[in-house]
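Take a look at the structure below.
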Amino acid sequence: MKREAQMITVPARAIDVGYANTKFTCERKRVQGQNIIRAGLFPSITGQLQPGASFLHAPGTLGADGCITDVDGVQHFAGLGVTMHLRGIQPRHVMADYCTSPPYLALVHGALHYMLEDEGNPKEMEIEHLTVGLPLNNFDTYRARLIDVVRGRHAIFSPDPNVGLRHVTVMDASVIVQPLGSLYYYGLVNSDFDTSGWNLVIDVGGGTIDFLVAFDKAPNYVRSGAHPESMLACSTAVAKAINPNLQSQFGVVQAIDTAIRDGSESVLIAGEEFEMANYKGVITEVLRRGYEAMLNTVGALEDFQNILICGGGGAVFYDFLCEHYPALRRRLRNGADSTFSNVRGFHVVSEFMREQTTAAR
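Remember, this note's numbering sits 101 above the position in the sequence shown when you count from 1.
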């Protein structure tokens with residue numbers, strides 16, 4: 102990486118905009134002898150600021166933790182402090198064209214904002230290669246359009262007056278299917294993971310369950326696909342079971358989502374504790390629909406040597422499979438820190454693509 106007074110260039114970065122969280126990578130760092138790709142995340146939801154209103158949150162407060170993106174005169178806030186900019190009723194929808202929407206661009210800018218913070222907030226940053234991902238169900242349709250979205254110069258505005266406007270220029274970009282990132286990264290960090298033969302990667306995200314079939318690391322797209330119900334559908338189903346009025350309340354759905362992912366015994370809503378065991382059935386039904394949809398596309402599972410479970414909901418789906426389909430257990434793998442496995446795999450792709458470009462010059 103080369104540095105100048107107000108300008109830096111970084112070789113590789115990655116962003117994974119999911120329906121639950123947006124993940125991003127920063128510079129590698131050696132930790133206990135290992136070369137770690139550092140990563141972070143923030144909620145995949147944006148708040149719209151009132152037209153003409155002054156920004157009310159002071160620098161250093163939670164409400165100022167993020168960045169502002171202007172799209173066609175509408176200001177969107179994205180970042181860790183987004184909850185301070187949301188209404189009480191905030192419905193969440195899984196849309197096929199999500200990556201073309203203004204909130205998606207704002208989330209990309211949020212990721213770039215935190216990359217800039219990690220580098221000390223230079224006024225200009227160039228990323229030589231950026232890799233992003235798409236679910237399998239809309240990869241072919243939106244791949245080219247997403248490259249156009251992320252490539253080029255982006256204005257990243259911090260509400261902190263001491264930081265203000267910065268720019269990030271993405272020189273080149275790649276888009277890959279989201280589960281492929283996990284397969285790349287898991288194989289890289291687990292020397293005993295033999296990818297030869299057929300592998301199934303199940304990426305349990307916020308909005309979709311993606312399933313990728315690969316021979317070694319080469320995808321078989323005919324047997325791959327995605328199901329548009331995942332962890333968001335689980336938490337919404339629980340909220341509806343408690344009280345149908347709760348399913349559009351972002352804070353409530355987020356609290357339930359956290360309880361499901363963490364395996365908590367109860368969740369606190371409106372001052373009342375609700376035992377999560379009472380809602381195991383509705384969660385299982387959502388996951389079962391995803392599993393059966395996967396089988397309809399993948400077919401029989403006997404030819405897979407490895408079944409890799411990843412994504413923010415990976416541990417939940419792993420436990421579901423172990424309980425309801427115990428014959429699969431010996432082939433199941435659930436990597437530690439699976440929340441970041443995709444985006445770290447994307448980062449590896451960025452490094453490879455950047456090296457290829459450099460070698461070709």
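By construction, the Cβ of each residue, glycine as well, lies at the ideal position given by its N, Cα and C atoms.
Relative to the alpha-carbon of Arg-431, which residue among Ile-410, Pro-262, Phe-447 has its alpha-carbon at the smallest distance?
By 1-based counting over the sequence shown, the position of residue 431 is 330. If we check each option's Cα against that of Arg-431, Ile-410 comes out closest.
Distance check for Val-251 and Thr-458, CA to CA, integer angstroms please.
Translated into positions along the sequence shown, residue 458 becomes position 357. Translated into positions along the sequence shown, residue 251 becomes position 150. In this model, Thr-458 and Val-251 are separated by some 18 Å (Cα to Cα).
Would Ala-315 pass as a contact of Val-302 if the rule is Cβ separation under 8 Å?
Looking up residue 315 in the sequence shown gives position 214. Looking up residue 302 in the sequence shown gives position 201. Yes, the Cβ-Cβ distance between Ala-315 and Val-302 is below 8 Å.
What is the residue span of the alpha helix (DSSP H) that His-425 lies within?
In the sequence shown, the residue the question calls residue 425 occupies position 324. Run containing His-425: 415-425, per the alpha helix (DSSP H) assignment.
Which of helix, strand or coil DSSP assigns to Ile-370:
For the purposes of this step, residue 370 is taken as the residue at position 269 of the sequence shown. DSSP places Ile-370 in strand when its eight states are reduced to three.
Can you find the residues in the same chain that come closer than 6 Å, C-beta to C-beta, to Gly-119, ignoring five residues on each side of it along the sequence?
Here residue 119 refers to the residue found at position 18 of the sequence shown. If the five residues before and after Gly-119 are omitted, its C-beta is found closer than 6 Å to the C-beta atoms of Ser-145, Gly-306, Gly-307, all from its own chain and listed in chain order.
Provide the residue span of the beta strand (DSSP E) that contains Glu-128, from first to last.
On the sequence shown, residue 128 is found 27 positions in, with the first residue counted as 1. Its beta strand (DSSP E) spans residues 122-132.
Limits of the alpha helix (DSSP H) - the one that Ala-394 falls within
By 1-based counting over the sequence shown, the position of residue 394 is 293. Run containing Ala-394: 381-399, per the alpha helix (DSSP H) assignment.
Within a Cβ cutoff of 7 Å, which residues of the same chain sit near Arg-455, ignoring the five residues on either side of it in sequence?
For this step, residue 455 is matched to residue 354 along the sequence shown. Cβ neighbours of Arg-455 beyond the five flanking positions: Pro-112, Ala-113, Glu-229, His-230.
Compare the beta carbon distance of Tyr-380 and Ala-356 with 8 Å and say whether it is the shorter of the two.
Here residue 380 is taken as the residue at index 279 of the sequence shown, counted from 1. Here residue 356 is taken as the residue at index 255 of the sequence shown, counted from 1. Their beta carbons are not under 8 Å apart, which means Tyr-380 does not touch Ala-356 by this criterion.
The beta strand (DSSP E) enclosing Gln-355, as first and last residue numbers:
Residue numbering aside, residue 355 sits at position 254 when the sequence shown is read from its first letter. Note, Gln-355: premise wrong, no beta strand (DSSP E); alpha helix (DSSP H) at 351-363.
What residue range does the alpha helix (DSSP H) around Thr-270 cover?
The sequence position of residue 270 within the sequence shown is 169, counting from 1. Note, Thr-270: premise wrong, no alpha helix (DSSP H); beta strand (DSSP E) at 266-271.
Which same chain residues end up closer than 6 Å to Gly-446 when comparing Cβ atoms and leaving out the 5 residues on each side of it in sequence?
As a position in the sequence shown, residue 446 is number 345, starting the count at 1. Answer for Gly-446: Gly-282, Ser-283, Tyr-285, Tyr-286, listed in chain order.
For Leu-213, which residues of its own chain have a beta-carbon under 7 Å away from its beta-carbon, when the five flanking residues on both sides are left out?
Here residue 213 is taken as the residue at index 112 of the sequence shown, counted from 1. Cβ within range, chain order: His-255, Ile-257, Val-269.
Please classify Glu-374 as buried or exposed, where buried requires at least 16 neighbouring CB atoms within 10 angstroms.
As a working note, residue 374 is residue 273 in the sequence shown. Exposed, because fewer than 16 other Cβ atoms sit within 10 Å of the Cβ of Glu-374.
Under the three-state reduction of DSSP, which class applies to Asp-241: helix, strand or coil?
Taking the sequence shown and counting its residues from 1, one reaches residue 241 at position 140. Residue state, collapsed to three classes: helix.
Excluding five sequence neighbours on each side, which residues of the same chain lie with their C-beta closer than 6 Å to the C-beta of Gly-298?
On the sequence shown, residue 298 is found 197 positions in, with the first residue counted as 1. So the qualifying residues of the chain are Gln-406.
Using three-state DSSP, classify His-448 as helix, strand or coil.
Locating residue 448 in the sequence shown gives position 347, counting from the first residue. Helix at His-448.
Assuming Ala-165 and Asp-261 make a contact with CB atoms under 8 Å, what is their CB distance in whole Å?
The residue you call residue 165 lines up with position 64 of the sequence shown. The residue you call residue 261 lines up with position 160 of the sequence shown. About 6 Å separates the two Cβ atoms, so the contact holds.
My assumption, with CB atoms under 8 Å, is that Ala-121 sits in contact with Asp-358. Please give the rounded CB distance.
Along the sequence shown, one-based indexing puts residue 121 at 20. Along the sequence shown, one-based indexing puts residue 358 at 257. Rounded, the Cβ-Cβ distance is 7 Å, consistent with contact.
For Phe-453, which residues from the same chain have a beta carbon less than 6 Å from its beta carbon, with the 5 sequence-adjacent residues on both sides left out?
Taking the sequence shown and counting its residues from 1, one reaches residue 453 at position 352. Taken in chain order, the list of residues that qualify is empty.
So is Ile-137 buried or exposed if we call it buried at 16+ other beta carbons inside 10 Å?
On the sequence shown, residue 137 is found 36 positions in, with the first residue counted as 1. Burial call: exposed.
What's the call for Glu-330, buried or exposed, on a 16-neighbour Cβ count within 10 Å?
Position 229 of the sequence shown, counted from the first residue, corresponds to residue 330. By the neighbour-count rule (16 or more Cβ atoms within 10 Å), Glu-330 is buried.
Whether Ile-310 touches Met-216 by CB criterion (8 Å):
Locating residue 310 in the sequence shown gives position 209, where the first residue counts as 1. Locating residue 216 in the sequence shown gives position 115, where the first residue counts as 1. Cβ distance not < 8 Å, so Ile-310 and Met-216 don't count as in contact.
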